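Every letter in the sequence shown is one number past the one before it in the working numbering, and letter 434, counting from 1, is 720.
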Amino acid sequence: MKKKSTSSNWLRRLFQWGVILVIIILAILPKFNKNFTPDFEAYCPFGGLQALGSYILNNSLACTMTSAQIVMGVMLIIGLILFGKLFCSYICPLGTIGEWLGKLGDKLKVRITVKGIADKILRSLKYILLFIVLQNTLSSSELFCKKFDPYFAIVSNFDTDVVVLYAIISIVVLFLSSIFIRMFWCKYICPLGAISNIFKFSIFAIATLVIYILLLTFGLEISFVWPLAVACIGGYVIEIFKLNGKYFPIARITRNEKTCANCQLCSMNCPQGIDVAKMTTVKDVDCNLCGDCLSVCPVKETLQINKKKNLKWLPAIAISVLIVIGLYLGSTFEIPTIDKQWGDEEAMAKAETYSRSGLKNIKCFGSSSAFASQMRKIDGILGVATYVKTHTAKIYYDPSVINIDKISKALFTAQKVQFRSLGKEVTQVKEVNFLVENFFDVYDFRYMSILLRQKTKAVGLQTEYGCPVMAKIYFPADYKVNDEELKNIIESEYLKYGVAPKVTQVDLNYEVIGKFSSKMMSKKEFVNRMFNSYQSQFNNSSKYDSTKIATYRILLGKNSSLVRKFPYLSSHISNNTGILGMKTLLNENYRQVLDIKFVKGMIDGDSIYDMINNKILDITFSNGKKVQVDNLFHFDKKGIVLEN
Numbered sequence: 287m288k289k290k291s292t293s294s295n296w297l298r299r300l301f302q303w304g305v306i307l308v309i310i311i312l313a314i315l316p317k318f319n320k321n322f323t324p325d326f327e328a329y330c331p332f333g334g335l336q337a338l339g340s341y342i343l344n345n346s347l348a349c350t351m352t353s354a355q356i357v358m359g360v361m362l363i364i365g366l367i368l369f370g371k372l373f374c375s376y377i378c379p380l381g382t383i384g385e386w387l388g389k390l391g392d393k394l395k396v397r398i399t400v401k402g403i404a405d406k407i408l409r410s411l412k413y414i415l416l417f418i419v420l421q422n423t424l425s426s427s428e429l430f431c432k433k434f435d436p437y438f439a440i441v442s443n444f445d446t447d448v449v450v451l452y453a454i455i456s457i458v459v460l461f462l463s464s465i466f467i468r469m470f471w472c473k474y475i476c477p478l479g480a481i482s483n484i485f486k487f488s489i490f491a492i493a494t495l496v497i498y499i500l501l502l503t504f505g506l507e508i509s510f511v512w513p514l515a516v517a518c519i520g521g522y523v524i525e526i527f528k529l530n531g532k533y534f535p536i537a538r539i540t541r542n543e544k545t546c547a548n549c550q551l552c553s554m555n556c557p558q559g560i561d562v563a564k565m566t567t568v569k570d571v572d573c574n575l576c577g578d579c580l581s582v583c584p585v586k587e588t589l590q591i592n593k594k595k596n597l598k599w600l601p602a603i604a605i606s607v608l609i610v611i612g613l614y615l616g617s618t619f620e621i622p623t624i625d626k627q628w629g630d631e632e633a634m635a636k637a638e639t640y641s642r643s644g645l646k647n648i649k650c651f652g653s654s655s656a657f658a659s660q661m662r663k664i665d666g667i668l669g670v671a672t673y674v675k676t677h678t679a680k681i682y683y684d685p686s687v688i689n690i691d692k693i694s695k696a697l698f699t700a701q702k703v704q705f706r707s708l709g710k711e712v713t714q715v716k717e718v719n720f721l722v723e724n725f726f727d728v729y730d731f732r733y734m735s736i737l738l739r740q741k742t743k744a745v746g747l748q749t750e751y752g753c754p755v756m757a758k759i760y761f762p763a764d765y766k767v768n769d770e771e772l773k774n775i776i777e778s779e780y781l782k783y784g785v786a787p788k789v790t791q792v793d794l795n796y797e798v799i800g801k802f803s804s805k806m807m808s809k810k811e812f813v814n815r816m817f818n819s820y821q822s823q824f825n826n827s828s829k830y831d832s833t834k835i836a837t838y839r840i841l842l843g844k845n846s847s848l849v850r851k852f853p854y855l856s857s858h859i860s861n862n863t864g865i866l867g868m869k870t871l872l873n874e875n876y877r878q879v880l881d882i883k884f885v886k887g888m889i890d891g892d893s894i895y896d897m898i899n900n901k902i903l904d905i906t907f908s909n910g911k912k913v914q915v916d917n918l919f920h921f922d923k924k925g926i927v928l929e930n
């Protein structure tokens with residue numbers, strides 16, 4: 287008998303097509319609405335479960351995860367216990383693609399269903415991958431699955447979190463294997479499929495979790511790796527030996543043997559290849575309660591859910607309710623990405639809190655941890671909690687030591703940058719002063735610098751702490767500044783930067799307070815104001831008499847852009863005991879030069895030149911670790927030796 291069309295299961299098709307269309311719309315919408323930035327992982331339940339695990343173990347959220355993903359993860363677990371793997375059959379785009387490509391394989395008559403020992407061995411892969419993913423994620427609070435997830439790689443256009451080789455392998459496996467092997471990705475590779483099966487064996491999953499919690503309660507220090515290993519191994523054993531749960535999931539497909547016509551349509555149309563026609567109750571671990579078998583059965587009330595009439599649409603209704611509840615609950619609260627307190631119990635009892643929103647450097651677990659480390663250095667700060675969704679930091683502080691004004695000042699970093707060179711004909715520079723609100727951190731400085739570089743002829747920017755922040759924009763003296771036009775540029779709703787396809791959009795909220803004022807200054811004054819000197823000393827430089835020291839001076843040229851690498855060069859040249867230090871400065875022509883102090887007779891200028899042009903830099907870190915890195919510095923012309 288030929289397979290019958292399952293088009294009558296239109297609600298599931300609607301969900302599948304709807305998810306794919308939403309993803310496509312999110313991908314193309316920025317081309318029509320420049321203010322829109324899609325978040326393709328905003329409601330990812332697998333990321334939410336990993337984030338929840340990280341929060342329980344480490345009191346920190348994984349990566350950019352928020353309460354929205356966590357709630358969706360919890361809804362996934364509830365759905366698994368009550369109804370089975372509805373997410374897999376109705377929502378997951380990878381499952382949908384695998385299913386559609388499988389139909390292509392059937393039409394080409396090239397798809398097979400793996401059975402027997404090969405099937406059992408292949409099923410271990412997803413549990414191995416699940417163990418690797420969770421072990422790495424829970425240890426680092428960074429989503430390891432992003433490195434290879436084909437969905438994330440495609441929709442993010444191979445974001446920096448993606449390991450390109452891993453992702454390409456995953457994409458090839460997903461697309462090719464789905465054509466030739468029935469639901470290969472879902473059955474054998476998907477770590478979400480593995481964790482879904484573990485929770486589908488609800489009693490085993492809950493028992494493993496409860497035992498681990500009890501052992502911790504009794505004071506036994508047991509790494510999460512052990513219960514994770516037990517869950518993965520146990521899930522695999524239960525799956526291959528078909529030791530399916532007696533009570534869960536509650537909703538199951540049932541077949542009335544008395545009315546069954548034995549037409550085999552249910553078995554032939556099952557996406558998972560389950561032989562439904564031979565079962566009275568479908569307990570197969572691969573059953574996703576998709577309902578395709580219900581739709582093709584020609585005999586009324588033969589295939590049902592739990593032998594009940596009118597439950598055909600239960601899966602679609604259940605997934606809809608779970609999604610709505612998840613969306614609502616996820617929007618009602620926010621879990622902190624990190625919540626660290628280093629004050630003692632007595633200090634924390636007297637602590638007050640100060641919250642600051644709009645901190646663009648609060649954007650993930652890593653940046654939150656860096657922020658906490660920065661705050662820990664400030665006397666009177668007792669702890670911090672960060673919320674990446676709203677870019678908010680809650681700071682615990684001792685009011686007897688520090689106040690809100692001092693905290694605000696500590697959060698701010700005064701900066702300056704010259705982002706355009708001045709022509710030789712320029713002799714004066716115009717300084718435009720103004721006050722700006724909603725300007726908080728180094729990211730704001732970076733974004734405003736890019737904004738001014740894109741939309742004006744400005745040559746530099748400088749900020750100083752104040753409430754509001756005091757800012758200075760520098761223009762060539764002959765440039766006519768239109769106050770209204772400049773105000774509109776600064777108050778732009780968003781900023782886009784980068785080169786296609788890696789274009790980043792950032793929402794802005796700057797507000798100019800009051801009027802602009804301006805004054806003129808000389809080119810020399812401007813260049814000196816913008817210049818940031820780097821200086822380091824080593825090898826007991828103070829013990830040498832100045833008469834024994836000389837200076838090797840060389841033009842920095844293009845090397846001036848490698849400011850962050852100066853410590854590497856400094857560490858490298860310090861390996862020679864005849865070199866005492868280095869410093870960057872401006873010469874009489876406003877050009878940046880590098881001065882290297884050395885002991886006469888221990889090394890000469892030519893040797894220093896060869897050393898700073900060496901292909902490899904030998905670096906020693908503060909902890910004593912030694913490494914070699916490629917030398918990014920290149921000096922074309924030799925320098926000169928100056929006597930002190």
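Here a beta-carbon is modelled for each residue, glycine too, at the ideal position from N, C-alpha and C. Bear in mind the structure is a predicted one, so any value in this text is a computation, not a measurement.
Proximity winner among F434, A404 and I403, relative to I418 (alpha-carbon distances): Ranking the options by Cα distance to I418, first place goes to F434.
Distance check for K702 and V728, CA to CA, integer angstroms please. Computed Cα separation, rounded: 11 Å.
Out of A337, I455 and T588, point me to the one whose CA is closest to N440's CA. What sits at residue 440 in the sequence shown is Ile, not Asn. With distances taken between CA atoms, I440 lies nearest to I455 out of A337, I455 and T588.
Answer yes if the region 786-803 comes into contact with the region 702-714, meaning at least three C-beta pairs across the two stretches below 8 Å, and no otherwise. At 8 Å Cβ cutoff, the stretches do not touch.
Y783 to V789, Cα distance in whole Å? If you take the alpha carbons of Y783 and V789, they lie about 6 Å apart.
For R877, tell me which candidate among R839, N542 and T749 has the shortest Cα-Cα distance. Among R839, N542 and T749, the Cα nearest to that of R877 is on R839.
Can you name the residues that DSSP bridges to N719? Partner(s): K758 and S803.
Do you know offhand how far G864's Cα is from I894's? Between the C-alpha atoms of G864 and I894 there is a straight-line separation of about 10 Å.
Under 8 Å, do M361 and I621 count as touching if we go by C-beta distance? No; because the gap between Cβ atoms is not below 8 Å, this pair is not in contact.
Out of C583, P477, M888 and K393, which one is the CA nearest neighbour of T542? In the sequence as displayed, the identity of residue 542 is Asn instead of Thr. Of the listed residues, the one whose Cα sits closest to N542 is C583.
With distance defined between alpha-carbon atoms, name the residue in L429, W512, L501 and R409 nearest to I475. The shortest C-alpha to C-alpha distance from I475 to any of L429, W512, L501 and R409 is the one to R409.
Give the range of the beta strand (DSSP E) segment to which Y341 is assigned. Careful: Y341 lies outside any beta strand (DSSP E), inside the alpha helix (DSSP H) at P331 to N344.
For the region 567-599, list the alpha helix (DSSP H) runs that are entirely contained and at least 4 residues long, ordered along the chain. If we require 4 residues or more, the alpha helix (DSSP H) runs fully inside the region 567-599 come out as 578-582.
If contacts are defined as beta-carbon pairs under 8 Å, then V718 and F812 qualify, I think. What distance do you get, rounded to the angstrom? Separation of the CB atoms of V718 and F812 is rounded to 13 Å, and the pair is thereby denied contact status at 8 Å.
Should M806 be labelled buried (16 or more other beta-carbon atoms within 10 Å of its own) or exposed? Exposed.
Compute the beta-carbon to beta-carbon distance between R468 and T399, rounded to the nearest angstrom, for a pair I have assumed lies under 8 Å. Contact holds; Cβ gap of about 4 Å.
Own chain residues within Cβ distance below 6 Å of N422, not counting five before or after: Closer than 6 Å at Cβ, skipping near neighbours: F430.
T678 beta carbon less than 8 Å from that of S641: Yes; because the gap between Cβ atoms is below 8 Å, this pair is in contact.
Taking all protein chains shown into account, do 16 or more other C-beta atoms lie within 10 angstroms of the C-beta of K486, making it buried, or fewer, making it exposed? Buried, because 16 or more other Cβ atoms sit within 10 Å of the Cβ of K486.
In three-state DSSP terms, what is Q421? If DSSP states are grouped into helix, strand and coil, Q421 belongs with the helices.
Between V308 and F326, what straight-line distance do the alpha-carbon atoms span, to the nearest angstrom? Taking C-alpha positions only, V308 is separated from F326 by approximately 10 Å.
Do the CB positions of L866 and V885 come within less than 8 Å of each other? Yes.
By how many angstroms is the C-alpha of S804 removed from the C-alpha of P331? Between the alpha carbons of P331 and S804 lies a gap of roughly 54 Å.
Cβ neighbours of T323 in the same chain (closer than 6 Å, five flanking residues each side left out): Within its own chain, the residues whose Cβ lies closer than 6 Å to the Cβ of T323, once the five positions on either side in sequence are excluded, are Q791, listed in chain order.
At the level of alpha carbons, what is the spacing between M634 and V712? Cα to Cα, the separation comes out at about 57 Å.
Report yes if the CB atom of L721 is closer than 8 Å to the CB atom of P754, and no otherwise. Yes. Within cutoff.
Residue closest to R815, alpha-carbon to alpha-carbon, out of G520, I377, T749 and G577: Closest by alpha carbon: T749.
Based on the DSSP output, what are the partners of R541 in its beta bridges? R541 is bridged to L589.
In chain order, what residues of the same chain lie with their CB nearer than 7 Å to the CB of L738, ignoring the 5 residues before and after it? Here the set comprises A744, L747 and I759.
Below 8 Å between beta carbons: does that hold for L600 and I591? Yes, Cβ-Cβ distance for L600 and I591 is below 8 Å.
By how many angstroms is the C-alpha of K406 removed from the C-alpha of K528? So the alpha carbons of these two residues sit roughly 11 Å apart.
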